[in-house]
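There are 2 protein chains.
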Amino acid sequence: MPREPLSPVTVLCLAILFNDERTGYEIRKQSLEGRHRWFVDASYGSIYPALARLAQSGLVTVREEVQSGRPSRKVYAITTEGRAALIEELSEPPGPDIFRSRFLLVSSFAPHLPRRTVEAAIEERKAGLAEEIAAIEAAVAESECAGERDCDALSWAAAYGRNCLGAHLDFLKTHGDSLIAMAEGGTDASLPKAAE
Amino acid sequence: MPREPLSPVTVLCLAILFNDERTGYEIRKQSLEGRHRWFVDASYGSIYPALARLAQSGLVTVREEVQSGRPSRKVYAITTEGRAALIEELSEPPGPDIFRSRFLLVSSFAPHLPRRTVEAAIEERKAGLAEEIAAIEAAVAESECAGERDCDALSWAAAYGRNCLGAHLDFLKTHGDSLIAMAEGGTDASLPKAAE
DNA sequence: TGATCCATGTAAGCCGTTACATGATTGG
DNA sequence: CCAATCATGTAACGGCTTACATGGATCA
Chain R
1 MPREPLSPVT VLCLAILFND ERTGYEIRKQ SLEGRHRWFV DASYGSIYPA LARLAQSGLV
61 TVREEVQSGR PSRKVYAITT EGRAALIEEL SEPPGPDIFR SRFLLVSSFA PHLPRRTVEA
121 AIEERKAGLA EEIAAIEAAV AESECAGERD CDALSWAAAY GRNCLGAHLD FLKTHGDSLI
181 AMAEGGTDAS LPKAAE
Chain A
197 MPREPLSPVT VLCLAILFND ERTGYEIRKQ SLEGRHRWFV DASYGSIYPA LARLAQSGLV
257 TVREEVQSGR PSRKVYAITT EGRAALIEEL SEPPGPDIFR SRFLLVSSFA PHLPRRTVEA
317 AIEERKAGLA EEIAAIEAAV AESECAGERD CDALSWAAAY GRNCLGAHLD FLKTHGDSLI
377 AMAEGGTDAS LPKAAE
């Protein structure tokens with residue numbers, strides 16, 4: 001029988017567990033950094049239940065490690081069926097990537113917004129992009145792979161991310177000023193020192 | 197008193213109504229095409245209630261047009277307060293753009309996936325990107341703006357989109373093959389004609 | 001001493017989608 | 001004649017976030 005489709009968070013858990021065993025806490029952390037940021041960023045409220053469901057359906061196993069002092073941790077490990085389920089799931093057509101940009105909405109309203117607002121939005125965006133690119137570099141530097149092929153694939157995905165984020169950043173660096181010029185307040189370069 | 201933050205769909209409605217009056221049906225359509233695709237794509241189930249709430253809070257007005265044959269349409273128009281609320285909302289820091297890519301997850305698992313799957317994913321992605329870029333061109337060509345500034349801002353946002361999507365597409369065109377080479381099945385260019 | 005890290009989990013709620021219900025008109 | 005377009009809306013459901021509950025250890 002064909003497996004029913006897995007929820008995004010479930011897929012994330014299996015993907016992270018594919019190479020190493022992890023606790024829910026660790027999965028959450030890893031979902032924010034490195035290569036998994038591009039998928040979903042999940043919170044505890046979705047990860048823990050997902051892990052419990054996975055364990056019940058036999059796609060992962062649990063081992064409870066009692067620790068002195070610290071709360072005991074539940075270490076999850078993927079099973080053969082889990083690996084199969086993930087591969088099966090990833091073999092489905094991935095569907096379109098999703099890009100949601102409030103910044104782009106703001107930018108198209110630049111003529112109706114104060115200059116300061118537009119400037120701030122662009123600066124924030126530039127800073128965010130630079131940070132994300134740095135995070136990719138860092139993730140690549142410290143990533144450990146199971147095999148050479150895996151490592152290559154990881155590098156590929158990282159290069160993809162770097163490339164595309166770089167394009168965003170370049171555009172802002174090159175054309176940011178022209179958007180600011182469209183903002184309320186006009187083309188003039190000097191700020192009229194408006195009171196707050 | 198400070199206005200409570202508006203939900204994304206609400207912002208979308210106000211943004212679309214900013215220049216023209218529209219029905220819920222038309223708003224839905226416009227949310228899919230042109231410049232609003234980058235924000236949210238909302239379904240009737242969220243648009244109609246949002247519009248009703250907006251009307252109740254006085255940010256838009258409704259006018260019911262009874263039509264012969266067709267069901268009567270409710271035409272919404274933004275009010276001065278609505279405009280102010282939108283501007284106020286857009287003046288808040290926009291927060292980070294969101295990029296969610298299942299494709300990137302698939303790509304990082306390329307060594308564990310059949311060659312065909314990886315090829316198909318890349319082709320699908322390329323086709324999707326080309327389509328989106330074409331949609332931007334089309335939207336720019338037929339867009340009507342209230343003023344010159346508005347038109348410039350719209351063009352700016354379109355150029356941003358074109359630029360970034362173009363970067364994705366270029367990367368796939370240039371490096372797609374190297375990912376395929378990492379897939380299960382090896383580096384060899386000829387397919388061994390495996391049975392389905 | 002107070003924040004942060006480790007570590008798990010639940011409950012309520014939000015925001016949105018999908019599917020349903022209805023129905024005339026126009027175009028292929 | 002069938003599909004798509006126009007046109008509005010509701011109800012159920014889903015999936016994820018936020019906030020809550022708990023608590024020792026470590027670091028500044």
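As given, the protein sequences belong to chains R and A, one line each in that order. Anchor point for the first sequence: position 115 equals 115 in this note's numbering, and the numbering is continuous, going up by one each time. Convert by adding 196 to the 1-based position in the second sequence; the result is the number in this note's numbering. C-beta: ideal position from N, C-alpha, C; glycine also.
Inset, instruction - Output yes or no for whether 8 Å exceeds the beta carbon distance between arginine 54 of chain R and threonine 23 of chain R. - result: Here residue 54 of chain R refers to the residue found at position 54 when the first sequence is read from its first residue. Here residue 23 of chain R refers to the residue found at position 23 when the first sequence is read from its first residue. Residue identity differs from the one stated: residue 54 of chain R is leucine in this sequence, not arginine. At a Cβ-Cβ threshold of 8 Å, leucine 54 of chain R and threonine 23 of chain R do not count as neighbours.
Legend entry - Cβ distance (whole Å) where leucine 325 of chain A is taken to contact leucine 210 of chain A below 8 Å: Here the question's residue 325 of chain A lines up with position 129 in the second sequence. Here the question's residue 210 of chain A lines up with position 14 in the second sequence. Actually they are not in contact, since the Cβ atoms of leucine 325 of chain A and leucine 210 of chain A sit about 30 Å apart, beyond 8 Å.
Inset, instruction - Starting from proline 201 of chain A, find everything on chain R with Cβ-Cβ shorter than 8 Å and list it in chain order. - result: One-based indexing of the second sequence puts residue 201 of chain A at position 5. The contacting residues do not exist; proline 201 of chain A stays about 12 Å from chain R at best.
Inset, instruction - Return no unless some Cβ of chain A is closer than 8 Å to the Cβ of leucine 32 of chain R. - result: Against the first sequence, residue 32 of chain R aligns to sequence position 32. No - not a single Cβ of chain A is within 8 Å of the one on leucine 32 of chain R.
Legend entry - Three-state secondary structure assigned by DSSP to phenylalanine 39 of chain R: Position 39 of the first sequence, counted from the start, is the residue given in the question as residue 39 of chain R. In the three-state reduction of the DSSP assignment, phenylalanine 39 of chain R falls in the coil class, being assigned neither a helical nor a strand state.
Inset, instruction - Please check the pair isoleucine 133 of chain R and leucine 165 of chain R, which I expect to be a contact at CB under 8 Å, by giving their CB distance rounded to whole angstroms. - result: For the purposes of this step, residue 133 of chain R is taken as residue 133 along the first sequence, with counting starting at 1. For the purposes of this step, residue 165 of chain R is taken as residue 165 along the first sequence, with counting starting at 1. Going by Cβ atoms, the distance from isoleucine 133 of chain R to leucine 165 of chain R rounds to 5 Å, so yes, they are a contact pair.
Legend entry - Cut-off 6 Å between Cβ atoms - residues of its own chain near lysine 389 of chain A, not counting five sequence neighbours on either side: Your numbering for residue 389 of chain A matches position 193 in the second sequence. Summary for lysine 389 of chain A: the model assigns pLDDT 47, below 50, so the residue's position carries little reliability, and this model does not support an answer.
Legend entry - Reference alanine 146 of chain R; option with closest CA among A/Ser304, A/Glu344, A/Lys369, A/Ala316: Here residue 146 of chain R refers to the residue found at position 146 when the first sequence is read from its first residue. Looking at the Cα atoms, A/Ser304 is the closest of the given residues.
Legend entry - Whole-angstrom distance between alanine 84 of chain R and alanine 52 of chain R, CA atom to CA atom: In the first sequence, the residue the question calls residue 52 of chain R occupies position 52. In the first sequence, the residue the question calls residue 84 of chain R occupies position 84. Their backbone Cα atoms lie some 18 Å apart in a straight line.
Legend entry - Contacts that isoleucine 16 of chain R makes with chain A (C-beta to C-beta distance below 7 Å): In the first sequence, the residue the question calls residue 16 of chain R occupies position 16. Going along chain A, no residue has its Cβ under 7 Å from isoleucine 16 of chain R, so there is no contact; the nearest lies around 11 Å.
Legend entry - Reduced DSSP secondary structure (H/G/I, E/B, other) of proline 388 of chain A: Taking the second sequence and counting its residues from 1, the one referred to as residue 388 of chain A is at position 192. Caution is warranted here: a pLDDT of 46 is assigned to proline 388 of chain A, below 50, making its placement in the model unreliable, and the coordinate value is therefore given only provisionally. Correct three-state label for proline 388 of chain A: coil.
Inset, instruction - Tell me where the beta strand (DSSP E) around alanine 273 of chain A begins and ends. - result: In the second sequence, residue 273 of chain A corresponds to position 77, counting from 1. 269-274 is the extent of the beta strand (DSSP E) around alanine 273 of chain A.
Inset, instruction - State yes or no: is the beta carbon of asparagine 19 of chain R nearer than 8 Å to at least one beta carbon in chain A? - result: By 1-based counting over the first sequence, the position of residue 19 of chain R is 19. Not one chain A Cβ lies under 8 Å of asparagine 19 of chain R.
Legend entry - From A/Pro290, A/Val262, A/Trp234, residue whose alpha carbon lies closest to that of isoleucine 122 of chain R: Along the first sequence, read from residue 1 onward, the residue named residue 122 of chain R stands at position 122. Answer by Cα proximity: A/Pro290.
Legend entry - Interface partners of glycine 147 of chain R on chain A, CB under 8 Å: For the purposes of this step, residue 147 of chain R is taken as residue 147 along the first sequence, with counting starting at 1. In chain order: Pro307.
Inset, instruction - Kindly indicate which three-state DSSP category glutamate 260 of chain A falls into: helix, strand or coil? - result: Position 64 of the second sequence, counted from the first residue, corresponds to residue 260 of chain A. In the structure shown, glutamate 260 of chain A sits in a strand (DSSP, three-state: E or B).
Inset, instruction - Report yes or no: is there a C-beta of chain R within less than 8 Å of the C-beta of methionine 378 of chain A? - result: Within the second sequence, the letter at position 182 stands for residue 378 of chain A. Closer than 8 Å: yes.
Inset, instruction - For threonine 117 of chain R, decide whether its Cβ has a neighbour in chain A, counting only Cβ atoms nearer than 8 Å. - result: Within the first sequence, numbered from 1, the residue matching residue 117 of chain R stands at position 117. Between threonine 117 of chain R and chain A, the shortest Cβ-Cβ separation is below 8 Å.
Inset, instruction - Starting from phenylalanine 367 of chain A, trace the alpha helix (DSSP H) both ways and give me its first and last residue. - result: As a working note, residue 367 of chain A is residue 171 in the second sequence. Counting along the chain, the alpha helix (DSSP H) containing phenylalanine 367 of chain A begins and ends at 344-378.
Inset, instruction - Write down the C-beta distance between isoleucine 78 of chain R and isoleucine 47 of chain R rounded to the nearest angstrom, noting that I regard them as a contact closer than 8 Å. - result: Translated into the one-based positions of the first sequence, residue 78 of chain R becomes position 78. Translated into the one-based positions of the first sequence, residue 47 of chain R becomes position 47. At roughly 15 Å, the Cβ-Cβ gap does not stay under 8 Å, so isoleucine 78 of chain R and isoleucine 47 of chain R are not in contact.
Inset, instruction - Could you tell me which chain A residues have their CB closer than 8 Å to the CB of cysteine 13 of chain R, listed as they occur along the chain? - result: For the purposes of this step, residue 13 of chain R is taken as the residue at position 13 of the first sequence. Chain A residues near cysteine 13 of chain R: none, gap ~12 Å exceeds 8 Å.
Inset, instruction - Determine the closest residue to histidine 168 of chain R out of A/His371, A/Ala354, A/Asp373, with distance taken between C-alpha atoms. - result: Here residue 168 of chain R corresponds to residue number 168 of the first sequence, with the count starting at 1. For histidine 168 of chain R, the nearest C-alpha among the options comes from A/Ala354.
Legend entry - is_contact[leucine 179 of chain R, chain A] using C-beta, thresh 8 Å: On the first sequence, residue 179 of chain R is found 179 positions in, with the first residue counted as 1. Yes, its Cβ sits closer than 8 Å to a Cβ of chain A.
Inset, instruction - Please confirm whether leucine 375 of chain A and arginine 321 of chain A have their CB atoms less than 8 Å apart. - result: Translated into positions along the second sequence, residue 375 of chain A becomes position 179. Translated into positions along the second sequence, residue 321 of chain A becomes position 125. In this structure, arginine 321 of chain A does not lie closer than 8 Å to leucine 375 of chain A by Cβ.
Inset, instruction - Would you identify the three-state DSSP class for phenylalanine 99 of chain R, choosing helix, strand or coil? - result: In the first sequence, the residue the question calls residue 99 of chain R occupies position 99. Strand, per DSSP.
Inset, instruction - Specify the secondary structure class of leucine 210 of chain A as computed by DSSP and reduced to three states. - result: Translated into the one-based positions of the second sequence, residue 210 of chain A becomes position 14. Residue state, collapsed to three classes: helix.
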